[in-house]
Every structure is written in structure tokens, then in C-alpha cells.
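According to the working numbering, the sequence shown is numbered sequentially starting from 279.
Worksheet: the structure to be examined is printed underneath.
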Amino acid sequence: MKNIAVYLGSRTPSNPIYAQTAKELGKKIAQEHYGLVYGGANVGTMKVLADASLEHQGTVIGVMPTVLFDKEILHPGLSEVVKVADMHQRKKKMMDLSDGFIALPGGCGTMEEIFEVITWRQIGVHNKPFVFLNIDKFYDGLKLYIDHAHELGFISDKDHAQIHFVSTVEEAINAVTTS
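Below you can see the structure in the form of C-alpha cells.
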């Protein structure tokens with residue numbers, strides 16, 4: 279494993295546990311000598327993640343579409359910046375650059391990104407591991423939905439078995455590096 283992509287929020291949530299976890303994850307990725315691939319922003323928990331990895335001499339690759347470049351939210355300290363035309367190319371490029379994927383708590387964009395990773399694995403576009411880092415029970419409702427969809431037959435046994443929820447940074451790193 280070389281690079282881990284992390285999907286997470288571009289906003290700062292009211293509960294500090296989410297920023298603390300982003301910081302812990304960024305640090306751990308650097309300490310374990312993995313590269314970090316993320317959306318490239320200098321805002322919200324995305325900034326916290328990148329700052330922590332960079333503070334521990336990590337390699338941080340930011341993938342940002344043109345529309346966000348124009349808003350001047352690019353993190354200034356990145357090891358590498360990949361500029362793409364749009365959000366679709368961003369997701370594809372992040373997938374190409376990464377060997378595993380971790381979803382921290384976030385909003386609709388985070389969900390879109392990790393669900394595309396899941397869907398592309400289901401249809402055979404890639405065979406890379408992914409995990410939801412379920413901090414403070416953030417993803418409990420999503421897990422209920424996934425289990426319910428599986429029970430009803432909308433998600434196959436095979437695909438359901440590939441969807442994992444963990445509660446610590448250590449478990450998340452292990453899930454995407456040992457699968």
C-alpha cells in the first residue's frame with residue numbers, strides 16, 4: 279500500500295471530536311509512511327487532516343477541481359497538487375492515486391465520494407479496500423440503512439460483507455492496509 283484516500287468534511291463541526299480524529303488520522307497516515315490523498319482544501323476537517331500529516335513529514339496530495347481553485351481554498355502546503363476539470367474527474371483521480379479509502383464524518387459530498395468507491399468496487403472497476411470511520415456513532419444510521427437494504431435483497435451478501443464500520447483510527451488504517 280502506498281496511498282490512502284480520505285473523504286471528510288470541508289466544514290468545522292460543532293463537536294471537536296471530529297477534528298481531533300481527523301488530526302489523529304493525518305498523523306497516523308504519515309507515521310506509518312503512507313501518502314495521503316484528499317480533496318486539497320484548506321478548510322474544515324480537511325485542513326486539520328492535511329496539517330497533521332504535513333506536521334509529521336507526510337506526503338499529502340490534494341486533488342482539486344478548477345471551480346474550487348477559483349474560490350482560493352487550496353491548502354498552501356501540499357506536497358503535490360493535482361488540478362482537474364470537475365468533480366467527476368476529482369473522484370476518478372483520487373481513486374487512481376489511492377490504494378485504500380477511509381470515510382470520516384462529513385456531509386453530502388463525503389457520502390457521494392465514498393458511495394462511488396463502493397459502487398465501483400461492486401461493479402469491478404477496482405478491488406481496493408474501504409472503511410467508514412464511525413466516530414461518536416456518526417455512521418450508525420447509515421449502517422442501519424445498509425443492513426436493511428441487505429436484508430431486503432438490494433445489497434448482495436458479497437457486497438454487504440465488504441462494507442466495514444470501525445471506531446478507531448488504528449482499526450481504519452488496518453482495514454485498508456491489510457485487506
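All C-beta atoms in this analysis are idealised placements derived from N, C-alpha and C, irrespective of residue type, glycine included.
In this structure residue 358 is exposed. Its beta-carbon is surrounded by fewer than 16 other beta-carbon atoms within 10 angstroms.
Excluding the 5 residues flanking it on each side, residue 364 has same chain C-beta neighbours closer than 8 Å at 343, 344 and 345, in chain order.
A distance of 7 Å or more separates the beta carbons of residue 318 and residue 286. Beta bridge pairing from DSSP links residue 342 with 361. The beta carbon of residue 379 sits closer than 6 Å to the beta carbons of 283, 395 and 408 from its chain, once the five residues preceding and following it are set aside; these are given in chain order.
The stretch 443 to 457 makes no contact with the stretch 425 to 434; the number of CB pairs closer than 8 Å stays below 3. For residue 347, the closest C-alpha among the options 320, 328 and 369 is that of 320. With 16 or more other CB atoms across the displayed protein chains lying within 10 angstroms of its CB, residue 336 is buried. Here residue 385 has 287 as same chain residues with Cβ atoms under 6 Å from its own Cβ, once five neighbours each way along the sequence are excluded.
With fewer than 16 other Cβ atoms inside 10 Å of its own Cβ, residue 393 counts as exposed.
Using a 10 angstroms sphere on the CB of residue 415, the tally of other CB atoms stays under 16, which defines it as exposed. Excluding the 5 residues flanking it on each side, residue 355 has same chain C-beta neighbours closer than 7 Å at 332, in chain order.
Counting of Cβ neighbours within 10 angstroms places residue 292 among the exposed residues, the total staying below 16. Under DSSP, no beta-bridge partner is assigned to residue 420. The beta carbons of residue 413 and residue 299 sit closer together than 7 Å. In the structure shown, residue 296 falls within a helical segment according to DSSP collapsed to helix, strand and coil.
DSSP lists 313 as the bridge partner or partners of residue 281.
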